[in-house]
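Below: the structure, in structure tokens.
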Amino acid sequence: GAGVSQSPRYKVAKRGQDVALRCDPISGHVSLFWYQQALGQGPEFLTYFQNEAQLDKSGLPSDRFFAERPEGSVSTLKIQRTQQEDSAVYLCASSSQVMRRDEQFFGPGTRLTVL
Amino acid sequence: GNSVTQMEGPVTLSEEAFLTINCTYTATGYPSLFWYVQYPGEGLQLLLKATKADDKGSNKGFEATYRKETTSFHLEKGSVQVSDSAVYFCASSGNTGKLIFGQGTTLQVKP
Numbered sequence: 798g799a800g801v802s803q804s805p806r807y808k809v810a811k812r813g814q815d816v817a818l819r820c821d822p823i824s825g826h827v828s829l830f831w832y833q834q835a836l837g838q839g840p841e842f843l844t845y846f847q848n849e850a851q852l853d854k855s856g857l858p859s860d861r862f863f864a865e866r867p868e869g870s871v872s873t874l875k876i877q878r879t880q881q882e883d884s885a886v887y888l889c890a891s892s893s894q895v896m897r898r899d900e901q902f903f904g905p906g907t908r909l910t911v912l
Numbered sequence: 230g231n232s233v234t235q236m237e238g239p240v241t242l243s244e245e246a247f248l249t250i251n252c253t254y255t256a257t258g259y260p261s262l263f264w265y266v267q268y269p270g271e272g273l274q275l276l277l278k279a280t281k282a283d284d285k286g287s288n289k290g291f292e293a294t295y296r297k298e299t300t301s302f303h304l305e306k307g308s309v310q311v312s313d314s315a316v317y318f319c320a321s322s323g324n325t326g327k328l329i330f331g332q333g334t335t336l337q338v339k340p
């Protein structure tokens, strides 16, 4: 079956532009996570959805970052007025249950470069 | 808050050498612990996991034991191969199941 997919794979934006990053989780997966991975670092948590409900957005770095999952499947991470420090790989992951012990399946990521 | 610390890389080994990558964690409660691997040009993949103290996770010849007394989850392999060259991430589960990652350790295995 298909894994987690993300689009676009690469995005170049000029400083100040808005961007939207898409995540298609594994079909039927309840939980969806977004992470930000800076160059040479481990991924850092941004936000978590259980179905369509955003239960944790404590990792979003500023109010320029917004995420949604309106129908409990596809999710979009939006970054408004991009800044150079937003340059990173944005990873999406999904898991089948809500318990902490479940494996998260990661997508290939979207590499965002802000010029 | 919860955090994960792993040894800095890069780690360079010859083929068939013994591998240890150290990982320690701080957490409230009893998190699950994971090792993820990122091969060149690929996404993050789960390598192994352990969900409670004294559990041993194992996969592809890699092992790690959940040590509550030392808050550690060190990754080991008895004989590495060139194909094991990758970046390895230790992680713990936080509230709501989110993962807290270490900074990653690059492993280079030379023939």
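As they're listed, the protein sequences go chains D and F.
To get this note's numbering, take the position in the first sequence, counting from 1, and add 797.
To get this note's numbering, take the position in the second sequence, counting from 1, and add 229.
Ideal Cβ placement from N, Cα and C applies to all residues, glycine included.
Under the three-state reduction of DSSP, T294(F) is assigned to strand.
DSSP, reduced to helix, strand and coil, places T325(F) within a helical segment of the structure shown. Minimum Cα-Cα distance from K278(F) among the listed residues N288(F), E271(F), G270(F) corresponds to N288(F). Neighbours of K327(F) in chain D, taken as residues whose beta carbon is under 8 angstroms from its own, are F830, F842, Y845, D853, G856 in chain order. Annotation for K281(F): Y259, Y295 place their beta carbon closer than 7 angstroms to its own, counting only its chain and skipping 5 residues before and after. By the CB criterion at 8 angstroms, L276(F) and Y268(F) fall outside the cutoff. At least one CB of chain F lies nearer than 8 angstroms to the CB of Q901(D).
Sorting L242(F), Q235(F), G307(F) by C-alpha distance to the C-alpha of C252(F) places Q235(F) at the top.
Classified as exposed, T249(F) has fewer than 16 neighbouring CB atoms from the shown chains inside 10 Å of its CB. Annotated three-state conformation of E237(F) is coil, per DSSP. As a beta-bridge residue in DSSP terms, V809(D) pairs with T910(D).
Of the candidates G272(F), E298(F), L304(F), the residue whose Cα lies closest to the Cα of D283(F) is E298(F).
Taking 8 angstroms as the upper bound for CB-CB distance, L909(D) and A885(D) are in contact here, some 6 angstroms apart. Secondary structure in the stretch 237-283 of chain F: the beta strand (DSSP E) runs of 3 residues or longer, each lying completely within the stretch, are 240-243, 248-250, 252-255, 262-267, 273-279 in chain order.
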